[in-house]
Ligand SMILES: [Zn+2]
Ligand SMILES: [Zn+2]
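Residue numbers (our numbering), protein chains in the order written: chain L, 1 to 332; chain S, 1001 to 1533.
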């Protein structure tokens, strides 16, 4: 009998009677990471990596019942052995490994193999059944190296600053924003933070992460900002908030920026295909390295990617219908 | 600076002034042999496509070792073949320098190659280019290149670079010229201007009238004409030849064969400005009929008989080889009337009718009903106005009728292309017919980016069924659509065709049950027909 199946509440382990990243209220929820499509409100008890705990408290409230765990330390739930392993997606993000009667299942949550220099790097796990996201599961999504993109971001900031423009960088407030902040060249100018980013940074301080940048407040003198960089969530694009930062240029940091169309749709000046998800090459490597005979695919181009895997690697590849959705990560 | 770097600069700003600067920077820095080709490409010049795009897909799939179906799926998501191929083919190494002249020449040469030679030549380019250069090469190869700069913007940059008036630049770059035959020197050299006898004058275009206009303007200072629903054009007779140019600056002489005889009737050095419309039995026909005729590759005798065209003339720009554009409109108009009376042109050229009204209020009464006269409103032109260049405020205004509108229910959505790939932006709308919803129009423009994102999310959550790229959605959202014309059509499922349908606004206040009905649309058609007969 399968260790993980989908029911109306989410990804369910019958043998252990718990859920992973459920979308409806349940008793026990194992949480891969703090993005809102994976970590939802209303669970009786949450289990997540200890670095996700402050995020959960920030986003869902301090009264929640949460248990923080370490990477690579197995524990049992109703006879099922459970362990969390780095997924390299954002701080605290985990793959969840289940083992029961000699069969091993791995749910990746969101992940990437390219190290971002902030979150614990992805660890490849051997398993029989591999449940992988495939947000960017098409061969047109092959991202440039992160180091190249960070360099490009700094170069662009520098040239904007030289022309007297502020630089607004959009990225998810949890994950992308911290990666950007950790790689900005502070010698170029001042760094400011949108409130949503500053909130996440403050929460992460509790577990020992420190990021540069000053929180923007309403009474702040915006005239004095010149050649500064401001890190903000994508939802700030096209709002009165950002208009006050004039003169500025806007750059969007997201894997979706790989496509010209997505870039132009956002009507930003520049797009950087900086992603916290696997690109096509990484997805292929991850599936191969898992050694799994059965692969299940969630959010992304799952139908295409499943067909590709079945044809190319002769594995059993199936689509799992979930409600995970990268476009929703910033909501709520 | 080369073409690829210029393109990246143009592509990374949405501001017109920065685009102009990018082009002038390029013109100052670029290689002399490349410059004019760049200008031509920015203005839409493209070599004939040497290979079928299906072949490109097959070759790219083989090189990248991905199955063709996956390439097609990727293309569907990206929405642009050149970009898809570039993303699939880009390797890790740096790109070669982008030389536009060599590339265009090679692409033109490829037309003479065998398929195997073509493949070898194209693969060589695919190997040496990556990123933007590869994308641009593919764009030139597939021949559907749009850079996102308007012609006007290029003209402005040229005018800055050459220190030449925009109008002069506009005149020199009009029409079709071969960038391999011309150079900056020949194209922009003063003395060569006269030889371009086939060129039209830049059209003088009107802005929509400002409401404040009516406060100060005395109606007796203005010529008021019905704004006809046709194709704006110039008819040129020079050196025994005839040319018909449309406002889109296309030479359309061959599409409008009925004007050909004018070259033997009118004297050399005549240029007329007017509206080309279909006309039969003493009255205009539906605009759509002309569009269909123009769309045909070959025009048969039957088309000529069924949909004859005339030009309704309202201006004369050149007479006996003398530029008339600086003379006051009233004088040009008198000259035009004389010409049309003197020469036997009456079955090809009509004189635009002047409407006389006592007041703007009286004119407005005509305007709101203008559609019944096959007009889309009124043109207001100052009697003493010269014929200016381009779109200018002040002397000419257009005063259009309000568009017709209908409330439709969103029933299908499809993701857009290019800029809007990944986002559901192409909608199909339905009206009620009894208890059923019948699709009657497709529209995509008119919403703000924010609304698009909102509706995109809604569509993802309210999908009923997927048919390939199309999703059917719960029939709940109502949109107000505007359109310029409506007619019966056997080619549409609903039996109704709309002209220029576009989304006016999202009627969040309206439940689907209150959308319009098919009968409402039929009533609109009937109302128009009654007024015509
Ligand atoms: Zn995530
Ligand atoms: Zn996710």
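Note that beta-carbon positions come from the ideal geometry of N, C-alpha and C, so glycine has one too.
Checklist entry - Which word fits residue 1500 of chain S, buried or exposed, when buried means at least 16 other C-beta atoms lie within 10 angstroms of its C-beta? => result What you label residue 1500 of chain S is simply residue 500 of the second chain in a count that begins at 1. Flag for residue 1500 of chain S reads exposed.
Next on the checklist: Rounded to whole angstroms, what is the Cα-Cα separation between residue 159 of chain L and residue 215 of chain L?
Outcome noted: Counted from its first residue, the first chain places residue 159 of chain L at position 159. Counted from its first residue, the first chain places residue 215 of chain L at position 215. Rounded to whole angstroms, the separation of the alpha carbons of residue 215 of chain L and residue 159 of chain L is 24 Å.
Item to check | Residue nearest to residue 1449 of chain S in terms of C-alpha spacing, selected from S:1236, S:1039, S:1506, S:1498 | outcome: One-based indexing of the second chain puts residue 1449 of chain S at position 449. The option with the nearest alpha carbon to residue 1449 of chain S is S:1506.
Next on the checklist: Is residue 314 of chain L close to chain S? Criterion is C-beta to C-beta, closer than 9 Å.
Outcome noted: As a position in the first chain, residue 314 of chain L is number 314, starting the count at 1. Chain S contact via Cβ: absent.
Checklist entry - Helix, strand or coil for residue 1382 of chain S per DSSP? => result Within the second chain, residue 1382 of chain S is the residue found at index 382, counting from 1. Looking at residue 1382 of chain S - three-state DSSP - the assignment turns out to be strand.
Next on the checklist: 9 Å is my cut-off, CB to CB: does residue 242 of chain L come that close to chain S?
Outcome noted: One-based indexing of the first chain puts residue 242 of chain L at position 242. Judged by the 9 Å Cβ criterion, residue 242 of chain L is not in contact with chain S.
Checklist entry - Given 8 Å as the limit, is there contact between the segment 97-112 of chain L and the segment 226-246 of chain L, that is, 3 or more CB pairs closer than that? => result They do not touch, by the three-pair rule.
Checklist entry - Is the distance from the Cβ of residue 272 of chain L to the Cβ of residue 254 of chain L below 9 Å? => result Taking the first residue of the first chain as position 1, residue 272 of chain L is located at position 272. Taking the first residue of the first chain as position 1, residue 254 of chain L is located at position 254. In this structure, residue 254 of chain L lies closer than 9 Å to residue 272 of chain L by Cβ.
Checklist entry - What did DSSP end up calling residue 275 of chain L once you bin it into helix, strand or coil? => result Mapped onto the first chain, residue 275 of chain L falls at position 275. In this structure, residue 275 of chain L counts as coil in the three-state DSSP scheme.
Checklist entry - For ligand 1, any of its heavy atoms closer than 8 Å to the Cβ of residue 35 of chain L? => result The residue labelled residue 35 of chain L in the question sits at position 35 within the first chain. Relative to ligand 1, residue 35 of chain L has its C-beta within less than 8 Å of a heavy atom.
Checklist entry - Is the beta carbon of residue 49 of chain L within less than 8 Å of some heavy atom of ligand 1? => result The residue you call residue 49 of chain L lines up with position 49 of the first chain. With a cut-off of 8 Å, the C-beta of residue 49 of chain L is classified as distant from ligand 1, since no heavy atom of the ligand falls inside that distance.
Item to check | Within-9 Å CB hit, residue 14 of chain L to chain S | outcome: Indexing the first chain from 1 puts residue 14 of chain L at position 14. Chain S places no beta carbon closer than 9 Å to that of residue 14 of chain L, leaving this residue out of the contacts.
Next on the checklist: Excluding the 5 residues flanking residue 200 of chain L on each side, which residues of the same chain have their C-beta closer than 6 Å to its C-beta?
Outcome noted: As a working note, residue 200 of chain L is residue 200 in the first chain. The beta carbon of residue 200 of chain L sits closer than 6 Å to those of 173, 174, all from its chain and outside the five residues before and after it, given in chain order.
Checklist entry - Quick one, which of S:1151, S:1311, S:1289 has its alpha-carbon nearest residue 1302 of chain S's? => result Working through the second chain from its first residue, we reach residue 1302 of chain S at position 302. By alpha-carbon distance to residue 1302 of chain S, the top candidate from S:1151, S:1311, S:1289 is S:1289.
Checklist entry - How would you label residue 263 of chain L, buried or exposed, when you count the other beta carbons within 10 angstroms and need 16 or more for buried? => result In the first chain, the residue the question calls residue 263 of chain L occupies position 263. With 16 or more other Cβ atoms within 10 Å, it is buried.
Item to check | residue 95 of chain L: first and last residue of the uninterrupted beta strand (DSSP E) it sits in | outcome: Residue mapping note: residue 95 of chain L aligns to position 95 of the first chain, counting from 1. Where residue 95 of chain L is concerned, the enclosing beta strand (DSSP E) stretches over 94-100.
Checklist entry - By Cβ distance, which residues of its chain are closer than 6 Å to residue 258 of chain L, with the 5 residues on each side in sequence left out? => result The count along the first chain starts at 1 and reaches residue 258 of chain L at position 258. Cβ within range, chain order: 141, 273.
Next on the checklist: If we require 3 or more residues per run, which beta strand (DSSP E) segments fall completely within the segment 1167-1245 of chain S?
Outcome noted: Listed in chain order, they are 1204-1208, 1222-1228, 1231-1238.
Next on the checklist: With the cut-off set at 9 Å, would you say residue 1387 of chain S and residue 1204 of chain S are in Cβ contact?
Outcome noted: Within the second chain, numbered from 1, the residue matching residue 1387 of chain S stands at position 387. Within the second chain, numbered from 1, the residue matching residue 1204 of chain S stands at position 204. By the CB criterion at 9 Å, residue 1387 of chain S and residue 1204 of chain S fall inside the cutoff.
Item to check | chain L contact for residue 1080 of chain S (CB, 9 Å cutoff) | outcome: For this step, residue 1080 of chain S is matched to residue 80 along the second chain. It does; some Cβ of chain L falls within 9 Å.
Checklist entry - Apart from the five residues on each side of it in sequence, which residues of its chain come closer than 7 Å, Cβ to Cβ, to residue 51 of chain L? => result Here residue 51 of chain L refers to the residue found at position 51 when the first chain is read from its first residue. For residue 51 of chain L, where only same-chain residues beyond five positions count, the Cβ hits under 7 Å are 91, 92, 207.
Checklist entry - Is the beta carbon of residue 1402 of chain S within less than 8 Å of some heavy atom of ligand 2? => result Your numbering for residue 1402 of chain S matches position 402 in the second chain. It does not: the Cβ of residue 1402 of chain S is nowhere closer than 8 Å to a heavy atom of ligand 2.
Next on the checklist: Please determine whether the Cβ atom of residue 93 of chain L lies at a distance below 8 Å from any heavy atom of ligand 1.
Outcome noted: For the purposes of this step, residue 93 of chain L is taken as residue 93 along the first chain, with counting starting at 1. Within the cutoff, so yes.
Checklist entry - Considering only residues of the same chain and omitting the five flanking positions on each side of residue 1497 of chain S, which have a CB-CB separation below 6 Å? => result Taking the first residue of the second chain as position 1, residue 1497 of chain S is located at position 497. Leaving aside the five residues that flank residue 1497 of chain S on each side, the residues in its chain whose CB is nearer than 6 Å to its CB run, in chain order, 1487, 1489.
Next on the checklist: Determine, for residue 1350 of chain S, whether the minimum Cβ-Cβ distance to residues of chain L falls below 9 Å.
Outcome noted: Along the second chain, one-based indexing puts residue 1350 of chain S at 350. No - not a single Cβ of chain L is within 9 Å of the one on residue 1350 of chain S.
Checklist entry - Would you call the segment 1043-1060 of chain S and the segment 284-303 of chain L in contact, with 3 or more CB pairs under 8 Å? => result No: the two stretches stay apart, fewer than three of their Cβ pairs being nearer than 8 Å.
Checklist entry - Roughly how many whole angstroms lie between the Cα atoms of residue 1531 of chain S and residue 1348 of chain S? => result Here residue 1531 of chain S refers to the residue found at position 531 of the second chain. Here residue 1348 of chain S refers to the residue found at position 348 of the second chain. Residue placement at residue 1531 of chain S is flagged as unreliable, the pLDDT there being 42, under the threshold of 50; the coordinate-derived value follows with that caveat. When rounded, the distance between both Cα atoms is 25 Å.
Checklist entry - Roughly how far, in whole angstroms, is the beta-carbon of residue 114 of chain L from the beta-carbon of residue 314 of chain L, given that I think they are within contact range, below 8 Å? => result Counting from 1 along the first chain, the entry for residue 114 of chain L is found at position 114. Counting from 1 along the first chain, the entry for residue 314 of chain L is found at position 314. Contact doesn't hold; Cβ gap of about 27 Å is too wide.
Item to check | Within chain L, partners of residue 1067 of chain S - CB distance below 8 Å | outcome: Here residue 1067 of chain S corresponds to residue number 67 of the second chain, with the count starting at 1. One finds 308, 311 in chain L with Cβ atoms closer than 8 Å to the Cβ of residue 1067 of chain S, taken in chain order.
Checklist entry - Going by DSSP, which residues form a beta bridge with residue 7 of chain L? => result As a working mapping, residue 7 of chain L is identified with position 7 in the first chain. According to DSSP, which records beta bridges pairwise, residue 7 of chain L is partnered with L:10.
Item to check | Other residues of its chain near residue 1263 of chain S: CB distance less than 7 Å, five sequence neighbours each side excluded | outcome: Taking the second chain and counting its residues from 1, the one referred to as residue 1263 of chain S is at position 263. If we look at residue 1263 of chain S and ignore the five residues flanking it on each side, its Cβ neighbours are 1237, 1240, 1241, 1242.
Checklist entry - DSSP on residue 290 of chain L, reduced to helix/strand/coil? => result Within the first chain, numbered from 1, the residue matching residue 290 of chain L stands at position 290. In the structure shown, residue 290 of chain L sits in a helix (DSSP, three-state: H, G or I).
Checklist entry - Per DSSP, residue 1414 of chain S forms a beta bridge with which residues? => result Working through the second chain from its first residue, we reach residue 1414 of chain S at position 414. S:1426, S:1470.
Checklist entry - What are the uninterrupted segments assigned as beta strand (DSSP E) that are 3 or more residues long and contained completely in the segment 1263-1313 of chain S, given in chain order? => result Positions of the beta strand (DSSP E) runs, each at least 3 residues long and wholly inside the segment 1263-1313 of chain S, are given as 1270-1280 in order along the chain.
Checklist entry - Do the CB positions of residue 301 of chain L and residue 1077 of chain S come within less than 9 Å of each other? => result Your numbering for residue 301 of chain L matches position 301 in the first chain. Your numbering for residue 1077 of chain S matches position 77 in the second chain. Taking 9 Å as the Cβ cut-off, residue 301 of chain L and residue 1077 of chain S qualify as a contacting pair.
Checklist entry - Can you name the start and end residues of the beta strand (DSSP E) that residue 1443 of chain S belongs to? => result The sequence position of residue 1443 of chain S within the second chain is 443, counting from 1. DSSP places residue 1443 of chain S inside the beta strand (DSSP E), whose first and last residues are 1436-1443.
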